[in-house]
Each structure stands twice: as structure tokens, then as C-alpha cells.
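K.L.:
In the numbering used here, the protein residues as written are 5 to 116.
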């Protein structure tokens, strides 16, 4: 790996279901309720976007994050599934055996 900073592994690209971003936008996820107004969270996400080759410079990553959309909810893993799903509220869930973890999803505009 050519580029890594402390904290940038806190963010990963969302590959689950039940979250529908705008076309061509990327979604990144981290555990817990995080605000991008926290400088450390913003920097970690910008570094992750650069690490993953989404943007070639940190300036491009920070610029894209200025118009990013943040959602808070839950990463849900159902008993009979190996894929994550997203729920904005645990009261929406029909399965009492589902495993839920609070997450923050950030939808990043990307013209790729």
C-alpha cells in the first residue's frame, strides 16, 4: 500500500443493501455516529478516499466532501444473510435476531 495515515482505515466503501445513493455517488461507512464537522473524521475520510484511488489529491477529496451528504443509521446483518443492510431506525426491522450496529454513511459526489 502506497499511502496510509492513522485513522484512514476507519472508513470503508459501503457495499451493503438498502441504501440508495444518487447515481455516480460513492458511499463510505464508519462505525458509530460521526460528524464530518469533526476535523479528525473529515481528514480520515479524505485520506481514505485518496488511499482507495477515488481522488488523486487530498485537495480533490476535501473539495468533494464539502458537498457530501451524511446519514446516520444502522448496519444490519440478518441471521440468514451474509450481506449488510442499512436501516435508518431499528424500529423498522422485522427480525428480532438481526445484529445491528450504529453507523454513519457519507455519500460523496464523484464524477469519475
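From the three backbone atoms N, C-alpha and C, an ideal C-beta is built for every residue, glycine too.
1) Could you have a look at residue 77 and say whether DSSP puts it in helix, strand or coil?
2) In terms of residue numbering, what span does the alpha helix (DSSP H) encompassing residue 32 cover?
3) Are at least three pairs of beta-carbons, each pair with one atom in the segment 64 to 71 and one in the segment 89 to 99, less than 8 Å apart?
4) Three-state secondary structure (DSSP) at residue 88?
5) Is the separation between the beta-carbon of residue 72 and that of residue 112 shorter than 8 Å?
6) Run through the DSSP bridge pairs and tell me what residue 108 is partnered with.
7) Counting only the same chain and skipping the five closest in sequence on each side, list residues whose C-beta sits under 8 Å from that of residue 56.
8) Looking only at its own chain, which residues have a Cβ that is under 7 Å from the Cβ of residue 94, when we skip the five neighbours before and after it?
9) Could you tell me how far apart the beta carbons of residue 81 and residue 23 are, in whole angstroms, since I believe they sit closer than 8 Å?
10) Report yes if the CB atom of residue 50 is closer than 8 Å to the CB atom of residue 14, and no otherwise.
P.N.:
According to the structure data:
1) strand
2) Not the alpha helix (DSSP H): residue 32 falls in the beta strand (DSSP E), residues 30 to 35.
3) no
4) strand
5) yes
6) 34 and 76
7) 17
8) 78 and 104
9) Not confirmed; about 14 Å, so no contact.
10) no
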